[in-house]
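Novice: First residue of the sequence shown: 308, per the working numbering; consecutive thereafter.
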Amino acid sequence: MNYETRTRVGQRLRQKRLRWGAALKRDMALLLSQQPTAAQAVRCHLFLEVLPTCEEPQDPMSPGDRNRIENLLHDNVMIYREN
């Protein structure tokens, strides 16, 4: 893969992460507005504090760390959507 292709692919992945992060924040805020249980409210507040501000992180994480965090957040959001 040449440099231009890697750059385009990287930009698309960053944009996808930013959209996903923004959608997750919206979902958490919506859940908080719908009178969640105390445990759900605490988790939502924690997620909203832990989530990046939808910008590139200052300290880059390894892909494995980022995947673990994204999977954890995704699993918890799916649980909330089911309830």
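Think of the CB as a built atom: it goes at the ideal place given N, C-alpha and C, for glycine as much as any other residue.
Would you mind stating whether Leu339 and Ala329 have Cβ atoms separated by less than 8 Å?
Specialist: Sequence index remark: in the sequence shown, residue 339 carries index 32 (1-based). Sequence index remark: in the sequence shown, residue 329 carries index 22 (1-based). Cβ distance not < 8 Å, so Leu339 and Ala329 don't count as in contact.
Novice: Anyone know if the C-beta pair for Leu355 and Lys332 falls short of 8 Å?
Specialist: Within the sequence shown, residue 355 is the residue found at index 48, counting from 1. Within the sequence shown, residue 332 is the residue found at index 25, counting from 1. It is a contact, given that the beta carbons lie within the stated cut-off.
Novice: Would you tell me roughly how many angstroms separate the C-alpha atoms of Ile376 and Arg315, rounded to the nearest one?
Specialist: Here residue 376 is taken as the residue at index 69 of the sequence shown, counted from 1. Here residue 315 is taken as the residue at index 8 of the sequence shown, counted from 1. Whole-angstrom Cα-Cα distance: 24 Å.
Novice: Give me the Cα-Cα distance between Pro364 and Thr344, rounded to the nearest whole angstrom.
Specialist: For this step, residue 364 is matched to residue 57 along the sequence shown. For this step, residue 344 is matched to residue 37 along the sequence shown. Since pLDDT at Pro364 reaches only 47, below the 50 mark, its modelled position is unreliable, and the value read off the structure follows with that caveat. Their Cα atoms are separated by approximately 31 Å.
Novice: Smallest Cα separation from Leu337: which of Arg326, Arg321, Leu380 and Cys351?
Specialist: For the purposes of this step, residue 337 is taken as residue 30 along the sequence shown, with counting starting at 1. Taking only the C-alpha atoms, the option nearest Leu337 is Cys351.
Novice: Under the criterion of a Cβ to heavy atom distance below 7 Å, does Arg333 qualify as lining the ligand GDP?
Specialist: Absence of the ligand GDP from the depicted structure is noted, as is the absence of any ligand whatsoever, leaving it without description.
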